[in-house]
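Residue numbers (this note's numbering): 6 to 287.
C-beta atoms are modelled at their ideal positions from N, C-alpha and C, and glycine is treated no differently.
Keep in mind that this is a model prediction, so the values were computed, not measured.
See the structure below:
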């Protein structure tokens, strides 16, 4: 691999003559830009592996300081930056476990979950999975992963746009009974829902508002489902019943006529709540 990097770097640096001198060289018919991008991708992958303490093929760098020492300095800063970012995304998780525990879990996540792009503000998805994988955390605090899921959904919904068009009530009212049965509902872009066997919304609100009385009175094993909706004023949180949650989930798999009859009364209130943006005929 080191020889491949050296050869790729030589090609990227412009020494195409020696490469093209060999008729059988695979680089012969590759455009210069593609060779450069391929070399860069290899280098980026090796650098990412090095940051995560994985085996890597980074080329040796000569200088006043040892290459591994320089890499460790950058690695430490890399971990600190992403850990701070996770703290901003998951403040409730941080508050529930304490700074020291959160730092340890965040560091573990950073070192086991490589970034998929260079945007730090998009990093953090899957933190709930990391928490679930740590039995010393997930067993004594079984609801913590759900809190992380909720906080990531909150961030995700906050970055969405508010739709300008309302649900076409008039159009659906003009359909025949047979056509209504074939209706497939489409979710609005500005909503998501959270489903949990724990009272995650109430817990999140108590911690956010620093309301110790509300926190102490929580029944953590009380199931709560929540609608998250982006509005012009911010994020709106609404409780969802079991039937409303089932309706939303099943409506994305089946037409209205195929839904359980006991769920049909949920249609109008959910449409009025802005859960659905439009419909189509299946």
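For residue 287, collect the residues of the same chain with a Cβ closer than 7 Å to its Cβ; drop the 5 residues on either side in sequence, then sort them by chain order. As a working note, residue 287 is residue 282 in the chain shown. Around residue 287: 187, 189, 260.
Cβ-based neighbour list, residue 125, same chain, cut-off 6 Å, excluding 5 preceding and 5 following: For the purposes of this step, residue 125 is taken as the residue at position 120 of the chain shown. Excluding sequence neighbours, residue 125 sits near 90.
Our contact map puts residue 112 next to residue 84 with C-beta atoms below 8 Å; I'd like the distance itself, whole angstroms only. Counted from its first residue, the chain shown places residue 112 at position 107. Counted from its first residue, the chain shown places residue 84 at position 79. At roughly 6 Å, the Cβ-Cβ gap stays under 8 Å, so residue 112 and residue 84 are in contact.
Which full runs of the alpha helix (DSSP H) of 4+ residues lie inside the region 194-249, going along the chain? The region 194-249 contains these whole alpha helix (DSSP H) runs: 205-213, 217-221.
How would you label residue 5, buried or exposed, when you count the other beta carbons within 10 angstroms and need 16 or more for buried? Residue 5 falls outside the range modelled here, since the chain spans only 6 to 287, and no answer is possible.
C-alpha gap between residue 255 and residue 248, whole angstroms: For the purposes of this step, residue 255 is taken as residue 250 along the chain shown, with counting starting at 1. For the purposes of this step, residue 248 is taken as residue 243 along the chain shown, with counting starting at 1. Their Cα atoms are separated by approximately 10 Å.
Let me make sure I understand the geometry here. Which of 252, 242, 87 has the alpha-carbon closest to that of residue 122? On the chain shown, position 117 is the one that residue 122 refers to. Among 252, 242, 87, the Cα nearest to that of residue 122 is on 87.
Beta-carbon gap between residue 205 and residue 241 smaller than 8 Å: The residue you call residue 205 lines up with position 200 of the chain shown. The residue you call residue 241 lines up with position 236 of the chain shown. At least 8 Å separates the beta-carbon of residue 205 from that of residue 241.
Let me know if residue 263 comes out buried or exposed under the rule of 16 or more other beta-carbons within 10 Å of its beta-carbon. The sequence position of residue 263 within the chain shown is 258, counting from 1. By the 16-neighbour rule on beta-carbons within 10 angstroms, residue 263 is exposed.
C-beta atoms of residue 167 and residue 195 nearer than 8 Å: Here residue 167 is taken as the residue at index 162 of the chain shown, counted from 1. Here residue 195 is taken as the residue at index 190 of the chain shown, counted from 1. Closer than 8 Å, so yes.
Beta-carbon proximity of residue 235 to residue 162, cut-off 8 Å: Within the chain shown, the letter at position 230 stands for residue 235. Within the chain shown, the letter at position 157 stands for residue 162. In contact: residue 235 and residue 162 (Cβ atoms closer than 8 Å).
With respect to the alpha helix (DSSP H) encompassing residue 163, which residues constitute its N-terminal and C-terminal limits? Along the chain shown, one-based indexing puts residue 163 at 158. Bounds of the alpha helix (DSSP H) holding residue 163 are 149-163.
How should residue 291 be labelled, buried or exposed, when 16 other C-beta atoms within 10 angstroms of its C-beta is the threshold for buried? What is shown of the chain runs 6 to 287, which leaves residue 291 out entirely.
Check each candidate in 171, 225, 246 and name the one with the smallest Cα separation from residue 268. Indexing the chain shown from 1 puts residue 268 at position 263. For the residues 171, 225, 246, the minimum Cα distance to residue 268 belongs to 246.
8 Å Cβ shell around residue 94 - same chain, five flanking residues per side excluded: Numbered from its first residue, the chain shown carries residue 94 at position 89. Excluding five sequence positions before and after residue 94, the CB atoms of its chain that fall closer than 8 Å to its own CB belong to 129, 132, 156, 157, 160, given in chain order.
Considering only the beta carbon of each residue, do residue 223 and residue 207 sit closer than 8 Å? To locate residue 223, count along the chain shown from 1; it is residue 218. To locate residue 207, count along the chain shown from 1; it is residue 202. In this structure, residue 207 lies closer than 8 Å to residue 223 by Cβ.
With a threshold of 8 Å on Cβ separation, who are the neighbours of residue 5 within its own chain once the five nearest residues in sequence on each side are excluded? Nothing in the structure corresponds to residue 5, since the chain is present only between 6 and 287.
Which residue comes first and which comes last in the alpha helix (DSSP H) that contains residue 98? Looking up residue 98 in the chain shown gives position 93. Segment 96-102, the alpha helix (DSSP H) holding residue 98.
Could you have a look at residue 282 and say whether DSSP puts it in helix, strand or coil? Position 277 of the chain shown, counted from the first residue, corresponds to residue 282. Strand at residue 282.
According to the neighbour-count rule (16 or more other Cβ atoms, all chains shown, within 10 Å of its Cβ), is residue 239 buried or exposed? As a first step, residue 239 is located in the chain shown; it is residue number 234 there, counting from the start. Residue burial annotation: residue 239 is exposed, with fewer than 16 other C-beta atoms found within 10 angstroms of its C-beta.
Just tell me which of 98, 116, 252, 197 has its CA closest to the CA of residue 210. Residue mapping note: residue 210 aligns to position 205 of the chain shown, counting from 1. Ranking the options by Cα distance to residue 210, first place goes to 98.
Where does residue 191 sit, in a helix, a strand or coil, going by DSSP? Along the chain shown, one-based indexing puts residue 191 at 186. Of the three classes helix, strand and coil, the one that applies to residue 191 here is strand, per DSSP.
With a Cβ-Cβ cutoff of 8 Å, do residue 226 and residue 203 count as a contact? To locate residue 226, count along the chain shown from 1; it is residue 221. To locate residue 203, count along the chain shown from 1; it is residue 198. Between residue 226 and residue 203, the C-beta gap is smaller than 8 Å, which places the two residues in contact.
Nearest neighbour of residue 114, chosen from 144, 135, 184 [CA to CA]: Locating residue 114 in the chain shown gives position 109, counting from the first residue. Nearest of 144, 135, 184 to residue 114, Cα basis: 135.
Does DSSP classify residue 259 as helix, strand or coil? Counted from its first residue, the chain shown places residue 259 at position 254. In this structure, residue 259 counts as coil in the three-state DSSP scheme.
Using the three-state DSSP reduction, which class does residue 140 fall into: helix, strand or coil? Looking up residue 140 in the chain shown gives position 135. Residue 140 falls in the helix class under three-state DSSP.
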